[in-house]
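**Q** Each residue of the sequence shown is one higher than the last, beginning at 1 in my numbering. Glycine included, each C-beta is placed from N, C-alpha and C at the ideal position. As the structure is a computational prediction, the values presented were derived from the model and not from experiment. Right, I'll just put the structure down here and ask away after.
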Amino acid sequence: CGHLEHDNHAQLRYQVAKTTGIVAASIARYGDSHEHLREINRIFFQLRERLWAHMFREEHGLYSSIVNIERTWIQPSCRSSVLLPAIRAMRHEHRYFRKSCRRIAKLLGNYEIPRNSGQSYASLVHGFQRLESLKFKHMQKEDIVYSRALAIERELRRK
1 CGHLEHDNHA QLRYQVAKTT GIVAASIARY GDSHEHLREI NRIFFQLRER
51 LWAHMFREEH GLYSSIVNIE RTWIQPSCRS SVLLPAIRAM RHEHRYFRKS
101 CRRIAKLLGN YEIPRNSGQS YASLVHGFQR LESLKFKHMQ KEDIVYSRAL
151 AIERELRRK
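Okay, here's the thing in structure tokens:
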């Protein structure tokens, strides 16, 4: 969990900030003449807000609960899962992120840069491509951690 929080989340925060600037510059330059950029702007800012909240909930709740379960600092005192509802919520949000990223990719021609595009548009495409790649890799790592934590919790509840 420490790696996810201190490495992956730091990379995501950096890329989100960088992409925010790229989107703003692209909207300023092309906004009125490229309707799909206004749609990308709308999707991205919703995604960005949900991503910030998502990472906060992971860092200030779920990750510490997982660490406590893994180190068996907390012996579950009930038959129901402590982690499962939170992990379900995170996985639901992962589906939202996946869908939003794929929608942006589609609006950007699946990251194919048209020949007559300028540097600003190329930066926009590359920025979103990098953000999507980082987020998808992070979600894969989290899914492994989530599955492992749920298995450990199940085992502890059986004892």
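1. Where does SER123 sit, in a helix, a strand or coil, going by DSSP?
2. With respect to the alpha helix (DSSP H) encompassing GLY21, which residues constitute its N-terminal and C-terminal limits?
3. Kindly indicate which residue of PHE44, TYR30, ALA53, HIS9 has the alpha-carbon position closest to the one of THR19.
4. The alpha helix (DSSP H) with LEU51 in it runs from where to where?
5. Please decide whether ILE87 counts as near chain D, where near means a Cβ-Cβ distance under 8 Å.
6. Taking 7 Å as the limit between beta carbons, can you name the residues of its chain near LEU107, skipping five residues before and five after?
7. What's the call for SER100, buried or exposed, on a 16-neighbour Cβ count within 10 Å?
8. So does the segment 89 to 105 actually touch the segment 46 to 60, counting three or more Cβ pairs closer than 8 Å?
9. May I ask which residues mark the beginning and end of the alpha helix (DSSP H) holding GLN65?
10. Tell me where the alpha helix (DSSP H) around ARG103 begins and ends.
11. Buried or exposed: which applies to SER33, given that a residue is buried once 16 or more other Cβ atoms fall within 10 Å of its Cβ?
12. Given a threshold of 16 other Cβ atoms within 10 Å of its Cβ, counted over all protein chains shown, does ILE66 qualify as buried or as exposed?
13. What separation, rounded to the nearest whole angstrom, lies between the Cα atoms of ARG71 and ILE27?
**A** Working from what's here:
1. helix
2. 9 to 30
3. PHE44
4. 35 to 57
5. Of the protein chains in the structure, only one exists, and it is not chain D.
6. HIS36, GLU39, ILE40
7. buried
8. yes
9. At residue 65 the sequence reads Ser, which differs from the Gln that was named. Element bounds for SER65: 63 to 70.
10. 84 to 107
11. exposed
12. buried
13. 48 Å
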